[in-house]
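Numbered by our numbering, the letters in the sequence shown go through residues 1 to 101 in order. Positions of the beta carbon are idealized from the N, C-alpha and C atoms, including for glycine. Note that the structure is predicted; figures quoted are calculated from it, not measured. Working notes for the structure below.
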Amino acid sequence: RDSIGNLYISGTESNTPMITEEGYSPYLFKLKLNGKETYETKGTWELKNDFMSGPFVNYALVDEAHNRILILEGFCYSPSKKERDLIHELESIIKSVVVLK
């Protein structure tokens with residue numbers, strides 16, 4: 001998650017990549033999503049060398065029919081209000097994804 005996040009997500013300043021917060025280990029769950037074996041990870045992200053952080057949810061779907069693993073992730077940053085409802089909404093959106101090919 002950190003290696004891909006470093007490529008695409010950063011703060012406004014240089015050298016502020018999004019990383020998984022090291023203070024708390026992410027939770028990992030194994031489940032079935034749309035009939036596919038799936039690994040769900042929940043944790044907290046932060047910007048290195050910056051002051052932003054928030055929750056994330058990550059799903060790794062094993063698509064054996066197409067010999068691939070699909071990664072779906074959502075994260076939020078909302079310092080002025082509770083993020084619980086936002087992360088639940090992201091989970092619902094991600095869980096409603098239908099893989100066509």
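On the three-state DSSP scale, how would you describe Y39?
Along the sequence shown, one-based indexing puts residue 39 at 39. In the structure shown, Y39 sits in a strand (DSSP, three-state: E or B).
Starting from S8, trace the alpha helix (DSSP H) both ways and give me its first and last residue.
Taking the sequence shown and counting its residues from 1, one reaches residue 8 at position 8. In the sequence on display, residue 8 carries Tyr and not Ser. It spans D2 to Y8 - the alpha helix (DSSP H) in which Y8 sits, taken as one unbroken run.
At 4 residues or longer, and completely inside the region 24-79: list those alpha helix (DSSP H) runs for me, N to C.
Runs of the alpha helix (DSSP H) inside the region 24-79: none found.
Counting along the chain, where does the beta strand (DSSP E) carrying T20 start and finish?
On the sequence shown, residue 20 is found 20 positions in, with the first residue counted as 1. It spans M18 to T20 - the beta strand (DSSP E) in which T20 sits, taken as one unbroken run.
Does the beta-carbon distance from P17 to G43 come in below 8 Å?
Counting from one through the sequence shown, the residue named residue 17 turns up at place 17. Counting from one through the sequence shown, the residue named residue 43 turns up at place 43. No, Cβ-Cβ distance for P17 and G43 is not below 8 Å.
The alpha helix (DSSP H) with L90 in it runs from where to where?
Along the sequence shown, one-based indexing puts residue 90 at 90. Residues R84 to K95.
Please name the residue in I69, G54 and P55 whose C-alpha comes closest to that of L61.
Taking the sequence shown and counting its residues from 1, one reaches residue 61 at position 61. Measuring from the Cα of L61, the nearest candidate turns out to be I69.
Can K30 and Y39 be called in contact, C-beta distance under 8 Å?
As a working mapping, residue 30 is identified with position 30 in the sequence shown. As a working mapping, residue 39 is identified with position 39 in the sequence shown. Yes, they are a contact pair.
Given a threshold of 16 other Cβ atoms within 10 Å of its Cβ, counted over all protein chains shown, does I71 qualify as buried or as exposed?
As a first step, residue 71 is located in the sequence shown; it is residue number 71 there, counting from the start. Exposed, since its Cβ has fewer than 16 Cβ neighbours within 10 Å.
To the nearest angstrom, how far is it from the Cα of V98 to the Cα of S80?
As a working note, residue 98 is residue 98 in the sequence shown. As a working note, residue 80 is residue 80 in the sequence shown. Spanning the two alpha carbons is a distance of roughly 33 Å.
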